[in-house]
Every structure is written in structure tokens, then in C-alpha cells.
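As C-alpha cells, the structure follows; a few thoughts come after it.
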Amino acid sequence: MVMTMKLKHVDELSGGRKRFRRRFPKVVAEVVGEEFFQVPMKAREGAALVSEQETLLAEFEKIVKKAKRKAAGQGKLSPLEHWREAVEEAEAMKAEITGSLDDDERQEVLAEDLHRRGADPILIKAVMQPEAEEPPVTMQDAKEMYRKERVEGARGRYKRNQLERVCERVERALGPLQKLPLVDLKRVHARRLRDSLRKEKKKDGSPLSPASLERELNTLVAMVNLAIVEFDLQGKAHNPFVGLEVADPDGPPETESNKRDPLPKDILLAMRRRLRDKARKPALRLIWRLLEGTGCRLSEVVGLRVEDVHTEVP
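For the sequence shown, our numbering gives the first residue as -12, with consecutive numbering after it.
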């Protein structure tokens, strides 16, 4: 008795040819611009067909993983990230080729197969020239490094949102982050960014305060400094944003009263009444009294220790 096995996602074309065809999840299809991942297969039966199907399943999963990462808001890969990912993938694919082929023959066989499938040109280059010079480290790499080392896992969304906001402003002033190699950054880029920051507006149309600009600039300086260290660029790149004066000398002087926008009086009173009448924990009323009376941020108040508070000081 002859037994046949139906391989998932493999259908038959004319002449006995096989095709791997699998539908992308909706979120992935929106990113890659294709509804299906489909590739004509070389093998037609037996162990070779099973092996090729397993390889294509793995390739499908890699595409899905990359697309989901982009859909999750981590953005487009920088040239350096793209290259390193391609080299890693190429090495894994070459290791799967069995037989008595030497390294050069493995490269040629794999590159020919990838070219036939219309694969990523960067992946094909990584197969044929794995020792090629890497793309330069860009501001996109600096952002990703800072996100991983300084922002990821941080409580709350403030630091993540601030990083995105700062990088959006850099892109408006200087262009896409992945096209800004760190080794090419000069003081002229810093001055161009400064001039752009001075034109930034709040949602109500008023200009950003010098204090707000300073905070965002500090994030940018820290981001570039971290990348120079982590990518071993000391002596090759410098941080042109260090010491940049963002305050407009021709603008109005900043006073204590406009350093932070106060809440309207009616909101203050309404909040006070609500906490007085409905707060289940007395500590919430005390926290609000400190916030209202000092103008501190919430984290500055709830993080106070006993020794930080001196009630007898006039």
C-alpha cells in the first residue's frame, strides 16, 4: 500500500511542479504589501521536497517577525541593522546546505536560489560577501541603542514619548535618521537643528520654552554620547550637540511664572473638592496639596522620603 503525505502550504502546479504558498497575517500583509508568500519549489517529491518546505517555512517566519516588529512601532531598520541581520540569516541558511560542497560552492548555490526567488539584494550580498565593510552607524542606530539601554523597561511612557518626539524634530531639521552617519555630523548640523527647534510650537501655537528645549537637547546629547561609546566610535565621531545654546537671544526672557504652564484655578478647586469628598486614601489628599502648593511633578512628590521633608522650616 502506498501512503501519501500532504505538506502544509504546498500546492501543485501544471506539469507536477510544486509551489509553497502561505497567506500573511493581516498586519504583516499591510507592512510587506503582499497578501501571500509564494515561491516555486525546485523539488517535486520525497525528502528533498520536505526539506525545501521546512526551509521556506523558516523563511516565512522570519518575514513575519520582521514585519511585526515594524508594525509594533520600532520603525524601519537602519542600514547597519539590515546588514547585520542579513549576515546572520545568510550564515544560518548556508549551514543548512548539506552535501560535499565547499564554502564557495555553498555561497553560489544559495545566492543563485535567492536570486531566482527575488530575495532581498542585501541578503544575497551577505551570502556572497559576508566580510564586506559594514554600513556606517547612523542616528537611527543611536536611537535604537538608547531605546534599548536607557528607555526600554522604564516605567511609564514619558521617556519613550520624549525620545520619539526628539527624533521627530531631528528628522524635520536634518532629514531621515538612517541617512545621518554619526561620523559625518558637524557643528553645522547642530546649528541647523537649533534654528529649527526655535521655530517649534506647542499645540496651542505658542513657542516652546527654553527649558523644554534644553530637556529635549539633553536627551539628544545622551543618545549620541551612548552610541559613540557602544559602537566604539571614540576618535572617529564627536557629538556636535554638546554645549549648544538653544535659547533665542532675541526672544522674550523666561520668567519663573512661565517656566511651567499652571492649571486653571477652576480645575485646581474642582480637584481639591473631589479629593476631599471622594478620596479613599488620605495620602492622596496630601499628595495633591503638595502638588498644588509647590508645582512639583507627581514623581517628585510620591518619591519623597521622610528626611526630605522639613515641616519646621519657615
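We treat Cβ as the ideally placed atom computed from N, Cα and C, and that holds for glycine.
Which residue comes first and which comes last in the alpha helix (DSSP H) that contains residue i?
{"i": "residue 68", "result": "66 to 82"}
{"i": "residue 227", "result": "Run containing residue 227: none; DSSP gives neither H nor E here."}
{"i": "residue 155", "result": "145 to 161"}
{"i": "residue 130", "result": "126 to 133"}
{"i": "residue 39", "result": "33 to 56"}
{"i": "residue 296", "result": "Careful: residue 296 lies outside any alpha helix (DSSP H) and carries neither H nor E."}
{"i": "residue 278", "result": "269 to 281"}
{"i": "residue 19", "result": "13 to 19"}
{"i": "residue 284", "result": "That residue, residue 284, is in no alpha helix (DSSP H); it is neither H nor E in DSSP."}
{"i": "residue 137", "result": "Here residue 137 belongs to no alpha helix (DSSP H), and DSSP marks it neither H nor E."}
{"i": "residue 94", "result": "90 to 104"}
{"i": "residue 252", "result": "252 to 265"}
{"i": "residue 30", "result": "Premise fails: residue 30 is in no alpha helix (DSSP H) and is neither H nor E."}
{"i": "residue 113", "result": "108 to 115"}
Where do the ends of the beta strand (DSSP E) carrying residue i lie?
{"i": "residue 218", "result": "It is not in any beta strand (DSSP E) - residue 218 carries neither H nor E in the DSSP assignment."}
{"i": "residue -3", "result": "-3 to -1"}
Just grab the DSSP bridge partners of residue i for me.
{"i": "residue 8", "result": "25"}
{"i": "residue 194", "result": "188"}
{"i": "residue 168", "result": "125"}
Under 8 Å by Cβ, that's how I've got residue i and residue j pegged, so tell me the actual separation to the nearest angstrom.
{"i": "residue 173", "j": "residue 125", "result": "About 15 Å separates the two Cβ atoms, so there is no contact after all."}
{"i": "residue 134", "j": "residue 203", "result": "The pair is not a contact, with the Cβ atoms about 16 Å apart (cut-off 8 Å)."}
{"i": "residue 269", "j": "residue 234", "result": "Not confirmed; about 43 Å, so no contact."}
{"i": "residue 114", "j": "residue 98", "result": "5 Å"}
{"i": "residue 147", "j": "residue 138", "result": "6 Å"}
{"i": "residue 200", "j": "residue 228", "result": "No, residue 200 and residue 228 are not in contact; Cβ-Cβ is about 12 Å, not under 8 Å."}
{"i": "residue 169", "j": "residue 220", "result": "6 Å"}
{"i": "residue 274", "j": "residue 293", "result": "No, residue 274 and residue 293 are not in contact; Cβ-Cβ is about 15 Å, not under 8 Å."}
For residue i versus residue j, is the C-beta spacing smaller than 8 Å?
{"i": "residue 74", "j": "residue 84", "result": "no"}
{"i": "residue 195", "j": "residue 189", "result": "yes"}
{"i": "residue 205", "j": "residue 215", "result": "no"}
{"i": "residue 110", "j": "residue 177", "result": "no"}
{"i": "residue 30", "j": "residue 39", "result": "yes"}
{"i": "residue 79", "j": "residue 117", "result": "no"}
{"i": "residue 119", "j": "residue 112", "result": "yes"}
{"i": "residue 14", "j": "residue 55", "result": "yes"}
{"i": "residue 12", "j": "residue 51", "result": "yes"}
{"i": "residue 36", "j": "residue 5", "result": "yes"}
{"i": "residue 271", "j": "residue 278", "result": "no"}
{"i": "residue 183", "j": "residue 160", "result": "yes"}
{"i": "residue -1", "j": "residue 10", "result": "no"}
{"i": "residue 121", "j": "residue 67", "result": "yes"}
{"i": "residue 26", "j": "residue 93", "result": "no"}
{"i": "residue 19", "j": "residue 7", "result": "no"}
{"i": "residue 72", "j": "residue 132", "result": "no"}
{"i": "residue 65", "j": "residue 127", "result": "yes"}
Does any residue of chain B bring its CB to less than 8 Å from the CB of residue i?
{"i": "residue 190", "result": "Here chain B cannot be found, since the structure has a single protein chain."}
So is the beta-carbon of residue i under 7 Å away from any non-hydrogen atom of the ligand SAM?
{"i": "residue 10", "result": "This structure lacks the ligand SAM, and indeed carries no ligand of any kind."}
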